[in-house]
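Residue numbers (our numbering): 118 to 188.
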């Protein structure tokens with residue numbers, strides 16, 4: 118059942134336009150690249166990737182819970 122709900126999520130979920138925040142993240146990312154050495158940059162990118170994964174999982178979980186509640 119979760120696969121069916123995930124398919125619904127993928128089909129109907131529209132991400133919010135967050136261009137201002139995305140621009141801020143990009144600006145901060147450039148500043149970090151300029152200031153950090155390669156090992157530290159790699160660690161920061163790993164943290165960002167992990168946070169993005171957590172956000173995606175929470176978004177999907179929220180959708181599934183809301184769908185079940187509505188059902």
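Glycine is no exception: its CB is placed at the ideal position from the N, C-alpha and C atoms.
Taking residue 133 as reference, the option from 153, 182, 176 and 188 with the minimal CA-CA separation is 176. Using a Cβ distance threshold of 8 Å, residue 158 and residue 150 count as a contacting pair. Taken through DSSP and simplified to helix, strand or coil, residue 154 comes out as coil.
Following the DSSP letters along the chain, one finds residue 125 inside the alpha helix (DSSP H) bounded by residues 119-129. Here residue 162 carries a helix assignment [DSSP, helix/strand/coil]. A distance below 8 Å between beta-carbons, with the five flanking residues on each side excluded, links residue 130 to the following residues of its chain, in chain order: 176 and 180.
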